[in-house]
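Engineer: The opening residue of the sequence shown carries number 118 in our numbering; numbering runs sequentially from there.
Ideal Cβ placement from N, Cα and C applies to all residues, glycine included.
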Amino acid sequence: FCGGTTIENSQATIEKLWESHIGTILDFSAEGKENEEDFNLAMNETIASIQKAKSESSIPFSVFKPTGLARFALLEKISSKLKLTKEEEIEKNTFEGRIENICRIASENKVPLFIDAEESWIQNEIDDIAIAMMQKFNKNEAWIFNTLQLYRNDRVDHLEMLLKLATEKKFFVGLKLVRGAYHEQEIERAKEKGYNCPVHTIKENTDIDYNKALTLCIENIDFVSVCAGTHNEESSALLVELLNKHNISKDDKRVYFSQLLGMSDHISYNAAKEGFNVVKYVPYGPVKDVLPYLIRRAEENTSIAGQMGRELTNIIEEKKRRRNA
Numbered sequence: 118f119c120g121g122t123t124i125e126n127s128q129a130t131i132e133k134l135w136e137s138h139i140g141t142i143l144d145f146s147a148e149g150k151e152n153e154e155d156f157n158l159a160m161n162e163t164i165a166s167i168q169k170a171k172s173e174s175s176i177p178f179s180v181f182k183p184t185g186l187a188r189f190a191l192l193e194k195i196s197s198k199l200k201l202t203k204e205e206e207i208e209k210n211t212f213e214g215r216i217e218n219i220c221r222i223a224s225e226n227k228v229p230l231f232i233d234a235e236e237s238w239i240q241n242e243i244d245d246i247a248i249a250m251m252q253k254f255n256k257n258e259a260w261i262f263n264t265l266q267l268y269r270n271d272r273v274d275h276l277e278m279l280l281k282l283a284t285e286k287k288f289f290v291g292l293k294l295v296r297g298a299y300h301e302q303e304i305e306r307a308k309e310k311g312y313n314c315p316v317h318t319i320k321e322n323t324d325i326d327y328n329k330a331l332t333l334c335i336e337n338i339d340f341v342s343v344c345a346g347t348h349n350e351e352s353s354a355l356l357v358e359l360l361n362k363h364n365i366s367k368d369d370k371r372v373y374f375s376q377l378l379g380m381s382d383h384i385s386y387n388a389a390k391e392g393f394n395v396v397k398y399v400p401y402g403p404v405k406d407v408l409p410y411l412i413r414r415a416e417e418n419t420s421i422a423g424q425m426g427r428e429l430t431n432i433i434e435e436k437k438r439r440r441n442a
């Protein structure tokens, strides 16, 4: 589930995946830090991953988590539109400067860059920055990608707004579509604070919105690039269907499938074998930083009804097949 502690010792994983025509997204798993030194380290790691991606076709994207670059409490305050102190204003400017620096380097080096999504109560600030970065750097092609979590009940509306804005302001949209990683926390916090729950409480509604978003992206492929981050077989099949319907080539660089390293391999490897663009998220970093990330991802995936059971069934069936072969 993890590439290694550094970019260098993730190389074996990168090469192994590439043998099966699966690309790598190197994901430095640092989040929830509290000091400037750690924030600058995360920025420099992201820049190093961009430089690495620039020189290797096996690494088609880079990524960063905004919570690796600023204090959570600061992002919460900005997203809530509360008045900031002078010190916080400086922090905010430094945070936004870090992101702009990363985005500029990615676009100059022609490496598409994902901005990961966070909890809904800090996401407003991240969306604002992501849209500003798209307007600035996606004038001719999508280099900067925002991440939409489709378990949120407002994301299809957000996507429609973004498509309209891009048409008006003439920029390209980059999007990674995921279902979402903070479902329980979102429900609990909404209950605790007494506001309307921002996420779907019925999984089928998340699936409906995910597939709507995927359809919208492909219908607007002229100015949208999309990475479908999904472990869901139905959504993966829908993407194949949409590409066929709109006569989009399997290897069109504007469309990617993505899964986490070690998860839903049957989707990743089969899609790659059929000639589709596939990438695996490969977390790396100090063990103490990677573990919380992996635990959250594992929890997120056990909450995906049926998927893990299906993987187990696939493994058992394959073992039977090999035994009888």
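Taking 8 angstroms as the limit between beta carbons, can you name the residues of its chain near residue 213, skipping five residues before and five after?
Structural biologist: 246
Engineer: In this structure, what does DSSP give as the bridge partners for residue 187?
Structural biologist: DSSP lists no partner for residue 187.
Engineer: Using the C-alpha atoms, what's the distance from residue 196 back to residue 312?
Structural biologist: 16 angstroms
Engineer: Within 10 Å of its beta-carbon, does residue 148 have 16 or more other beta-carbons around it, so buried, or fewer, so exposed?
Structural biologist: buried
Engineer: For a minimum of 3 consecutive residues, which ranges assigned as the beta strand (DSSP E) are wholly contained in the stretch 273 to 356?
Structural biologist: 290 to 295, 341 to 346
Engineer: Taking DSSP as the reference, what is the three-state secondary structure of residue 243?
Structural biologist: helix
Engineer: Since I believe residue 184 is in contact with residue 268 (beta carbons under 8 angstroms), could you give me their beta-carbon distance rounded to a whole number of angstroms?
Structural biologist: About 18 angstroms; that fails the 8 angstroms criterion.
Engineer: Need the endpoints of the beta strand (DSSP E) that residue 224 sits in, please.
Structural biologist: Careful: residue 224 lies outside any beta strand (DSSP E), inside the alpha helix (DSSP H) at 203 to 225.
Engineer: With which residues is residue 372 paired in a DSSP beta bridge?
Structural biologist: The partner list for residue 372 (beta bridge, DSSP) reads 343.
Engineer: At which residues does the alpha helix (DSSP H) containing residue 130 begin and terminate?
Structural biologist: 128 to 136
Engineer: Quick one: Cα of residue 257 to Cα of residue 342, how far?
Structural biologist: 12 angstroms
Engineer: Could you check the C-alpha separation between residue 388 and residue 202 for me, to the nearest Å?
Structural biologist: 50 angstroms
Engineer: Leaving out five residues on either side along the sequence, give the residues of the same chain with a beta carbon under 6 angstroms from the beta carbon of residue 266.
Structural biologist: 234, 295, 297
Engineer: Taking the beta strand (DSSP E) that residue 158 belongs to, which residues open and close that run?
Structural biologist: No beta strand (DSSP E) contains residue 158, which is instead part of the alpha helix (DSSP H) from 153 to 172.
Engineer: Could you tell me if residue 353 is buried or exposed, where buried requires 16 or more neighbouring beta carbons within 10 angstroms of its beta carbon?
Structural biologist: buried
Engineer: Among the residues of its own chain, which have a CB less than 8 angstroms from the CB of residue 434, if the five just before and after it don't count?
Structural biologist: In its chain, beyond the 5 residues on either side, no residue has a beta carbon closer than 8 angstroms to the beta carbon of residue 434.
Engineer: I'd like to know whether the C-beta atoms of residue 167 and residue 131 end up nearer to each other than 7 angstroms.
Structural biologist: Taking 7 angstroms as the Cβ cut-off, residue 167 and residue 131 do not qualify as a contacting pair.
Engineer: What does residue 266 pair with, by DSSP beta-bridge criteria?
Structural biologist: 295
Engineer: Taking the CB atoms as reference points, tell me whether residue 397 and residue 123 lie closer together than 7 angstroms.
Structural biologist: no
Engineer: Who are the Cβ neighbours of residue 326 in its own chain at under 6 angstroms, not counting the five residues just before and after it?
Structural biologist: 267, 273
Engineer: Between residue 289 and residue 337, which are expected to be in contact by the criterion C-beta below 8 angstroms, what is the C-beta distance as a whole number of angstroms?
Structural biologist: Not confirmed; about 10 angstroms, so no contact.
Engineer: Considering only residues of the same chain and omitting the five flanking positions on each side of residue 422, which have a CB-CB separation below 7 angstroms?
Structural biologist: Note that residue 422 has pLDDT 49, beneath the 50 cutoff, so the model's placement of it is unreliable and the number below is only indicative. Here the set comprises 320.
Engineer: Considering only C-alpha positions, which residue in the set 384, 291, 401 is nearest to residue 262?
Structural biologist: 291
Engineer: Going by the CB atoms, is the gap between residue 331 and residue 356 shorter than 7 angstroms?
Structural biologist: yes
Engineer: Given a threshold of 16 other Cβ atoms within 10 Å of its Cβ, counted over all protein chains shown, does residue 351 qualify as buried or as exposed?
Structural biologist: exposed
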